[in-house]
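The structure appears below as structure tokens.
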Amino acid sequence: MWVDLFVENILKRSSGPHVINDAKTPSGHVTVAHLRGVLMHECIARALGDRGAGTTFLYGFDDYDPMDDLPPSLPDYARYMGMPLAEIPAPPEGAEAPSYGRYFADEFERVFTRLGARPRVYRTSEMYRAGGFDRGIRLGLDRVAEIREIWREVTSSKRIDEGWWPVQVLCERCGRIGTTNILAWDGTEVEYVCAPDKVVWAQGCGYRGRRSPFGGGAKLLYRMEWPAKWDALGITVEGAGKDHMTRGGSHDVAVAISERIFDRSAPFAFAYEFLLYGGKKMSTSKAVGATAAEILEVLREELARFLIVRPHPRKQVEFDPYGDTIPNLYDEYDRAAAAYFGDPPSSRGGAVLSGAARTPPSGAGRTAAVEDLARTFYFSRVDGAQPRCYRPRFSKVVQLMQIPSVDIVEAVERDKGAPLTEADRAELARRIEDARRWLATYAPEEAKFEIRAVLPEGAARLSPAQRQYLARIADAMAARRWTGEELHAYLHALKQELGLGPREAFGAIYQALIGKDSGPQAGWLLAALDPGFVQTRLREAARDAA
24 MWVDLFVENI LKRSSGPHVI NDAKTPSGHV TVAHLRGVLM HECIARALGD RGAGTTFLYG
84 FDDYDPMDDL PPSLPDYARY MGMPLAEIPA PPEGAEAPSY GRYFADEFER VFTRLGARPR
144 VYRTSEMYRA GGFDRGIRLG LDRVAEIREI WREVTSSKRI DEGWWPVQVL CERCGRIGTT
204 NILAWDGTEV EYVCAPDKVV WAQGCGYRGR RSPFGGGAKL LYRMEWPAKW DALGITVEGA
264 GKDHMTRGGS HDVAVAISER IFDRSAPFAF AYEFLLYGGK KMSTSKAVGA TAAEILEVLR
324 EELARFLIVR PHPRKQVEFD PYGDTIPNLY DEYDRAAAAY FGDPPSSRGG AVLSGAARTP
384 PSGAGRTAAV EDLARTFYFS RVDGAQPRCY RPRFSKVVQL MQIPSVDIVE AVERDKGAPL
444 TEADRAELAR RIEDARRWLA TYAPEEAKFE IRAVLPEGAA RLSPAQRQYL ARIADAMAAR
504 RWTGEELHAY LHALKQELGL GPREAFGAIY QALIGKDSGP QAGWLLAALD PGFVQTRLRE
564 AARDAA
């Protein structure tokens with residue numbers, strides 16, 4: 024799995040201890056896309072710890088960054104543009120929060136904590152005020168000529184002139200940090216001006232003055248702040264979105280500055296693709312896309328982690344909750360659980376599991392794909408080891424919920440072939456909750472059905488071959504009690520014997536029971552219903568059979 028490959032390469036560089044870091048500017052409701060970064064770093068920290076390497080997992084909120092994009096829902100906040108996010112009042116819905124940046128940071132932290140990521144959180148506003156970036160600021164001012172040359176060299180930019188500085192001063196009059204230009208540096212204080220026309224997204228007040236840049240009096244530009252943060256926190260591992268990792272981009276500049284100005288090697292790095300929600304790239308500051316909190320309204324915690332952790336970081340994750348996305352994701356999750364516990368998956372996606380959790384088996388007889396699934400399941404856990412339990416197929420639970428006469432626990436116990444354990448019941452309860460939500464919001468119409476109290480009118484249009492098919496099924500069900508898997512196999516064999524296509528055969532069943540041409544898996548549906556009712560209904564639909 025990609026986590027293990029990364030960890031192997033990290034340990035080749037250094038046995039540790041390691042400091043793993045990720046960060047985000049809390050400029051609005053943090054989108055689902057940014058969960059990928061924090062969870063990937065958490066997995067690396069977990070795997071390094073498993074290998075005995077000392078690890079510290081950090082997550083930073085860059086709340087000393089200026090507000091440079093106005094949220095559509097807060098037009099009145101135009102007056103704060105250019106000020107540090109940590110100095111702007113929280114939005115009305117979070118009025119109790121100490122600042123705008125803190126409100127959105129806390130919201131995101133609550134989400135990734137629920138997902139099992141528990142880094143040591145820091146805020147750059149607090150670091151700046153405590154002097155954590157003073158060394159970086161002094162280097163940025165004292166060695167500005169070298170930094171200008173690095174910037175030009177790496178980016179091929181011709182816009183870095185002799186008036187450019189990698190430091191932004193906090194204006195003492197208006198409190199803006201994104202609108203100031205440094206005019207001079209004497210080794211103790213900077214002379215600066217808050218320029219009205221420096222940027223298009225904020226207007227400086229025109230004040231000109233002198234002040235110390237230390238202790239929160241200034242902040243570093245992002246490409247200078249990044250290596251300064253590596254230096255101040257001792258970071259050894261940090262990935263970033265692919266937009267930062269392009270040739271000549273912000274990461275290349277940061278690496279060069281780290282090596283030539285801070286005299287330290289850059290951390291182990293990796294690029295990762297974006298997470299698209301409903302096919303759309305997301306933006307925090309522009310309020311585009313689903314918020315991180317929303318994914319937990321769609322998926323349970325372990326499933327959300329599985330979605331994000333499963334693909335290689337270089338592979339784009341696309342998630343659209345509509346249609347069969349969630350049932351298919353559940354099926355893959357169940358296959359991963361079976362791989363982890365060393366149990367064969369059932370033919371329909373679930374796995375019959377029992378007993379206590381154990382160390383995942385490995386070695387001879389297990390393919391790389393199975394090992395990969397097992398490791399993915401391991402990294403999908405939220406708190407401690409996940410239980411080894413019976414996991415009924417999600418689509419089967421969806422079907423059972425729509426049949427009022429069915430006792431779901433009894434039906435699942437029949438499929439398992441044994442009473443449900445406490446862990447089995449807890450897992451079933453989670454799936455029932457998820458199925459109810461999916462049916463109410465994202466399920467396609469063909470997944471929804473209702474067993475008709477009387478024979479639907481469409482049954483009158485069934486062909487003689489379809490009627491014969493239904494009569495044979497009724498006879499088979501009268502002869503014995505069938506499981507869903509057994510009926511599934513029988514229905515397929517019978518349709519081949521009678522020369523029926525899948526749409527003809529299963530359409531006949533659906534028309535007889537739910538009045539539709541398509542529906543849930545027929546074998547499971549028939550097995551879940553009262554056998555007497557099924558036999559009577561199928562014979563009624565087939566009464567004109569030859």
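All letters in the sequence shown, in the order written, are residues 24 to 569 by my numbering. The beta carbon of each residue, even a glycine, is placed where N, CA and C say it ideally should be. Here the structure is a predicted model, which means the values were calculated and not measured.
DSSP on residue i, reduced to helix/strand/coil?
| i | result |
| --- | --- |
| residue 191 | strand |
| residue 377 | Reliability of the predicted coordinates at residue 377 is poor, the pLDDT of 34 falling under 50, and no value is obtained from them. |
| residue 342 | strand |
| residue 66 | helix |
| residue 429 | coil |
| residue 53 | coil |
| residue 202 | coil |
| residue 136 | helix |
| residue 125 | helix |
| residue 498 | helix |
| residue 565 | coil |
| residue 335 | coil |
| residue 650 | One cannot answer for residue 650 here, as it falls past the ends of the chain, which runs 24 to 569. |
| residue 156 | coil |
| residue 27 | helix |
| residue 539 | coil |
| residue 75 | coil |
| residue 435 | helix |
| residue 183 | coil |
| residue 505 | coil |
| residue 552 | coil |
Compare the C-beta of residue i with all C-beta atoms of chain C and state if any pair is closer than 7 Å.
| i | result |
| --- | --- |
| residue 248 | Judged by its chain identifiers, the structure shown contains no chain C, having just a single protein chain. |
Just the Cα atoms here: how many angstroms apart are residue i and residue j?
| i | j | result |
| --- | --- | --- |
| residue 36 | residue 115 | 48 Å |
| residue 267 | residue 154 | 27 Å |
| residue 274 | residue 246 | 7 Å |
| residue 387 | residue 364 | Any reading at residue 387 must be qualified, since the residue scores a pLDDT of 46, below 50, and its modelled position is unreliable; no value is offered. |
| residue 413 | residue 438 | 10 Å |
| residue 458 | residue 481 | 29 Å |
| residue 539 | residue 473 | 10 Å |
| residue 425 | residue 321 | 20 Å |
| residue 455 | residue 447 | 12 Å |
| residue 46 | residue 151 | 15 Å |
| residue 531 | residue 444 | 38 Å |
| residue 605 | residue 328 | The requested residue 605 is not part of the displayed model; the chain covers only 24 to 569. |
| residue 294 | residue 259 | 15 Å |
| residue 398 | residue 450 | 20 Å |
| residue 174 | residue 348 | 45 Å |
| residue 352 | residue 217 | 53 Å |
| residue 373 | residue 393 | Only weak support exists for where residue 373 lies, its pLDDT of 45 falling under 50; the value from the coordinates is given anyway. If I take the Cα positions, the gap works out to 15 Å. |
| residue 106 | residue 160 | 19 Å |
| residue 310 | residue 132 | Its pLDDT being 45, under 50, residue 310 is placed unreliably by the model, and the measurement read from it follows with that caveat. Going from the Cα of residue 310 to the Cα of residue 132 covers about 18 Å. |
| residue 199 | residue 227 | 7 Å |
| residue 244 | residue 395 | 40 Å |
| residue 550 | residue 465 | 26 Å |
| residue 542 | residue 264 | 41 Å |
| residue 15 | residue 189 | Outside the displayed span of the chain (24 to 569) sits residue 15, for which this structure offers no information. |
| residue 404 | residue 172 | 47 Å |
| residue 487 | residue 354 | 37 Å |
| residue 346 | residue 419 | 16 Å |
Just tell me which of the options has its CA closest to the CA of residue i.
| i | options | result |
| --- | --- | --- |
| residue 27 | 475, 533, 401 | 401 |
| residue 415 | 333, 547, 527, 294 | 547 |
| residue 291 | 271, 162, 429, 250 | 250 |
| residue 319 | 139, 524, 103 | 139 |
| residue 54 | 298, 286, 232 | 298 |
| residue 239 | 166, 158, 177, 404 | 158 |
| residue 126 | 564, 176, 108, 278 | 108 |
| residue 254 | 470, 332, 358, 278 | 278 |
| residue 169 | 276, 225, 69 | 276 |
| residue 256 | 409, 422, 44 | 44 |
| residue 566 | 489, 520, 505 | 489 |
Considering only DSSP beta bridges, list what residue i is partnered with.
| i | result |
| --- | --- |
| residue 450 | The partner list for residue 450 (beta bridge, DSSP) is empty, contrary to what the question assumes. |
| residue 297 | Per DSSP, none; premise fails for residue 297. |
| residue 213 | 208, 234 |
| residue 82 | 45, 144 |
| residue 107 | 89 |
| residue 314 | 54 |
Please indicate yes or no: does the CB of residue i lie closer than 6 Å to some heavy atom of the ligand MN?
| i | result |
| --- | --- |
| residue 89 | Of the ligands one can find in the structure shown there are none, so the ligand MN has no counterpart to examine. |
What are the uninterrupted segments assigned as alpha helix (DSSP H) that are 4 or more residues long and contained completely in the region 238-291, given in chain order? 245-256, 273-283
At which residue ranges does the region 448-486 contain complete beta strand (DSSP E) runs of 3 or more residues, listed in the order of the chain? none
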